[in-house]
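2 protein chains.
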Amino acid sequence: MNPLQAKFARYVELDFQDQVTLDALLRTEARLVPAGTDLIREGEPIHFVKLVTEGWGCRYKLLEDGRRQIVAFLLPGDLCNPDALAAEQMDHSIGAVGEMHCALIAPDVFDRACLRSRKLRQALAFDACAMLGTQREWTLNLAARPALARIGALLCELHYRLAALGLAEGGRFVAPVTQITLAEATGLTSVHVNRVVQDLRGRGLLHWQGRSITLPDPDHLAQLSGFTPRYLHMPRFTPGTFAPDRQLHAGTPTPPPGNAGKSTGAF
Amino acid sequence: MNPLQAKFARYVELDFQDQVTLDALLRTEARLVPAGTDLIREGEPIHFVKLVTEGWGCRYKLLEDGRRQIVAFLLPGDLCNPDALAAEQMDHSIGAVGEMHCALIAPDVFDRACLRSRKLRQALAFDACAMLGTQREWTLNLAARPALARIGALLCELHYRLAALGLAEGGRFVAPVTQITLAEATGLTSVHVNRVVQDLRGRGLLHWQGRSITLPDPDHLAQLSGFTPRYLHMPRFTPGTFAPDRQLHAGTPTPPPGNAGKSTGAF
DNA sequence: CGAACCCTTGACTTAATTCAACAACCGTGG
DNA sequence: CCACGGTTGTTGAATTAAGTCAAGGGTTCG
C-alpha cells in the first residue's frame, strides 16, 4: 500500500489519475537508511524531495552541549523536503528512528507532477498546513504541559497519525522508539520519562512492551493530556477509537479574562 | 514602505512588476485590530489571507486551565493565513500585541497574484520555509534551553527579523510587549521572566525601558543563547551587528556519539 | 560469554513555580 | 489637577516538578 496515497486520502478524495501519479513518484530511486543514522544533516544542501515509505524518522537539532532535540517524527507517507526548491540548506537534521525506507524524487519532477492535478496541489497544501499545525502543537506541548500530559499528547498524536494510515489497530501500534527517544522528543530526561511511563502503566492507560505500544483508552488519555486532533487537519478521517468530534464540537476554549477576549468579528 | 516587499527582498531580488503586484495587494481592504483583541479564533473559518502591515500580532493557543501559550510572533510583512485555501478552520488563534494593522486579501486574488510571477512564488516558498523553520526553532528553544537562553534567543530572533525589515537600528527596536507577554511566549512565569531580565540587565546585555528594547551586544547574547539565524532563511540579509556568518561557517554541530552520527551521504 | 544498550530505582539537587505583598506607572474620569 | 483602579514590574520565602548522579538488572546481539 502506497503510504503517501493513504495519507493524502485523508485530506481529499483522489481520483484514479492522481493515484497513478503518486505511484509513479514512489517508483523512483529508493534508499534504505539504517537505524540511528542520518538521512541528511543541518547545513547540507538539499538535492531531493524525500518521502518516508517505511519505518520512522525524526527531524532533530543538536544543542551546544551535545544533547539532541527531536522536533518532529516522520511516519510513512511523510515528506522530508517538500520545500526542496526554496530552501537550499537544511536548517535541521533528519535521522532514522529504527530502519527507514525512503524514496528520492527529483524536485522538478515532484513539482511538475503536483502542478498537473488540482487535487494533488490541494492535498499538498493540506499537508503543509498539517506540518505547521503539528509544529505549533509541539511548541505548545513542550512549553506549557507537565510531563505526563506532554508524553500523553505525543502518544495520542502518534496513534492518531498511524491510525489514519491504517497502521494502528485497537489502540495498538508498533513504534521503533525507546524511552530515550521519547525523552529527546519531549525535552525530558529518560529517567523522568521512565517514571511517567510507569505512572501511565499504573493508571492502565499504556501498555508498552518491546516495540509494541498500546493505548487501552485513547479517549481518556487524550482528555488527560489535552490532545485534540484538529491541528492534524484530516477532515476525512475520524478514528473509531475516538469519540467522534467530541472535542471539536466543544467549541472554542474560553478566552482569558480581560480585553484579550474580544474578537473583532468574522474573518 | 511596504513591509511585505521589505521582507520578500530578503529572500529574492524582486523586479518592478512584482513590487507593483505586492503594492496592489496591500491596497485592498484594511483593518485595525485594537491591542489585546483577537483577529481570529481557533475553530473559526478562514475567509481572507491577512497580512500584518503595522504593529505586532501573535499566534497563540489556549490551554485547558486558561493559560495561553504564544507560539509565534507576527511582525509587519508577516502573513497570517497564506494557506487560506487549504485549511478551512483555524487550529489556533491570532491576537494583536499592541495595536495591529492588517490588510485583508481575498484568497483567490492572492493566489492569482502570486502564480503570475516566478519570483513571488519563490519568495512565498521561502516564507513558508522560514515559518516552519522558526516554529521548529521555537520547539527546540522551549523544550531544551534554560530560561536565560530561552529569553535571549527569542530577543535575538525578534531583533534579527526586525532588523531585516529596517525596524531595528543599533540593536534597538520598539516592541509592544510586556514581561507577561514574554512569559506567555517562553512558557515561563512572569515572575521568573522578571528575574532573568534583571540578570540580563546586570550583565549589560539588555536595556529595556517602556516599549524600547536595546541589545547592546547582540553577538554576545546570541552566543550565550545558542541563537543562529540560519532557520530564518534570509540569504540576502546579513545585519551589521552580527559577525558575518560566524555561526554559519562553524560547520555542522558535532553529531552525538554512537552510530547516530553516521551520515549516509549527500542528498 | 561479554559488551552494549535499555530500563529501573533511590537519594539528592536545582531550576523554576507559587504565593504574597508592595511600589511604580498608566490613562481615565471626577 | 488629583484621585482612582488596573496593569505592570519587583522582591522574598516556601514549594515542587524535573534533573542529576549513581548503581544494578535485564535484554539482545555479535
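Protein sequence lines correspond, in order, to chains A and B. Residue numbering for the first sequence follows our numbering, beginning at 1 and increasing consecutively. Residue numbering for the second sequence follows our numbering, beginning at 1001 and increasing consecutively. C-beta: ideal position from N, C-alpha, C; glycine also. Remember, predicted model here, so these are calculated numbers, not experimental data.
Is the distance from the Cβ of residue 1046 of chain B to the Cβ of residue 1090 of chain B below 8 Å?
Their beta carbons are under 8 Å apart, which means residue 1046 of chain B touches residue 1090 of chain B by this criterion.
Would a C-beta distance cut-off of 8 Å place residue 84 of chain A and residue 107 of chain A closer than the cut-off?
Going by C-beta atoms, residue 84 of chain A is nearer than 8 Å to residue 107 of chain A.
Determine, using beta carbons only, whether residue 1098 of chain B comes closer than 8 Å to chain A.
no
In terms of alpha-carbon separation, which member of B:1004, B:1035 and B:1018 lies closest to residue 1116 of chain B?
Checking every option, the nearest Cα to that of residue 1116 of chain B belongs to B:1018.
Taking residue 1175 of chain B as the reference, which of B:1054, B:1200 and B:1205 has the closest Cα?
B:1054
Tell me, please, whether the CB atom of residue 1063 of chain B is closer than 8 Å to any CB atom in chain A?
yes
Could you tell me whether the Cβ of residue 220 of chain A comes closer than 8 Å to any Cβ of chain B?
no
Are the stretch 1156-1173 of chain B and the stretch 1222-1234 of chain B touching, with three or more C-beta to C-beta distances below 8 Å?
yes
What does residue 58 of chain A touch in chain B if you count any residue whose Cβ is under 9 Å from its own?
Within chain B, no residue comes near residue 58 of chain A; the closest Cβ sits about 11 Å away, beyond 9 Å.
Could you tell me whether any Cβ in chain A is nearer than 8 Å to the Cβ of residue 1160 of chain B?
no
Name the residue from B:1173, B:1029 and B:1002 whose alpha carbon lies nearest to the alpha carbon of residue 1156 of chain B.
B:1173
Which residue wins for smallest C-alpha separation from residue 71 of chain A, given the options A:111, A:143 and A:127?
A:143
From this set, A:109, A:128, A:69 and A:64, which residue's C-alpha is nearest residue 77 of chain A's C-alpha?
Distance from the Cα of residue 77 of chain A is smallest, within the candidate group A:109, A:128, A:69 and A:64, for A:128.
Applying a beta-carbon distance threshold of less than 7 Å, which residues of chain A neighbour residue 1087 of chain B?
129 and 233
Leaving out five residues before and five after residue 1041 of chain B in sequence, what residues of the same chain have Cβ atoms less than 6 Å from its Cβ?
Contacts found: 1093.
List the residues of chain B whose Cβ lies closer than 8 Å to the Cβ of residue 192 of chain A, in chain order.
Here the premise fails: no neighbours, minimum Cβ distance about 13 Å.
Does any residue of chain A bring its CB to less than 8 Å from the CB of residue 1120 of chain B?
no
Using a 10 Å radius around the Cβ and a threshold of 16 neighbouring Cβ atoms, would you call residue 1007 of chain B buried or exposed?
buried
Output, in sequence order along the chain, the residues in the stretch 1101-1116 of chain B whose CB is closer than 8 Å to any CB in chain A.
The residues in question are 1104.
What separation, rounded to the nearest whole angstrom, lies between the Cα atoms of residue 1109 of chain B and residue 1205 of chain B?
Rounded to whole angstroms, the separation of the alpha carbons of residue 1205 of chain B and residue 1109 of chain B is 45 Å.
Mind pulling the chain B residues with CB within less than 8 Å of residue 83 of chain A?
1125, 1128, 1129 and 1132
Nearest to residue 195 of chain A by alpha carbon, out of A:3, A:210 and A:179?
A:179
I'd like to know if the stretch 128-139 of chain A and the stretch 1131-1140 of chain B are in contact, where contact means that at least 3 CB-CB pairs between them fall below 8 Å.
yes
Report buried or exposed for residue 1069 of chain B, applying the criterion of at least 16 other Cβ atoms within 10 angstroms of its Cβ.
buried
If you draw a straight line from the C-alpha of residue 1034 of chain B to the C-alpha of residue 1075 of chain B, how long is it?
If you draw a straight line from the Cα of residue 1034 of chain B to the Cα of residue 1075 of chain B, it is about 15 Å long.
From the DSSP output, in three-state form, read off residue 237 of chain A for me.
Shown here, residue 237 of chain A sits in coil according to DSSP, grouped into three states, outside any helix or strand.
Of all the CB atoms in chain B, is at least one closer than 8 Å to the CB of residue 91 of chain A?
Taking Cβ atoms only, chain B reaches closer than 8 Å to residue 91 of chain A, which makes this a yes.
If we define contact as Cβ-Cβ less than 8 Å, is residue 1144 of chain B a contact residue for chain A?
yes
Starting from residue 190 of chain A, follow the alpha helix (DSSP H) in both directions and report where the run begins and ends.
190-202
Which residues bound the beta strand (DSSP E) around residue 1219 of chain B?
It is not in any beta strand (DSSP E) - residue 1219 of chain B instead sits in the alpha helix (DSSP H) that spans 1218-1225.
Measure from the C-beta of residue 208 of chain A to each C-beta in chain B and report whether the shortest distance is under 8 Å.
The beta carbon of residue 208 of chain A sits no closer than 8 Å to any beta carbon of chain B.
The stretch 1174-1187 of chain B: which residues have C-beta closer than 7 Å to a C-beta of chain A, in chain order?
1187
Would you kindly check if the distance between the Cβ of residue 1188 of chain B and the Cβ of residue 226 of chain A is under 8 Å?
No.
Pull up the distance between the alpha-carbon of residue 11 of chain A and that of residue 1198 of chain B, whole angstroms please.
49 Å
Alpha carbon to alpha carbon, what distance is there between residue 1098 of chain B and residue 1212 of chain B?
13 Å
For residue 242 of chain A, name the three-state secondary structure that DSSP assigns.
With a pLDDT of only 49 at residue 242 of chain A, under the threshold of 50, the placement of this residue in the model should not be trusted, and no figure is reported.
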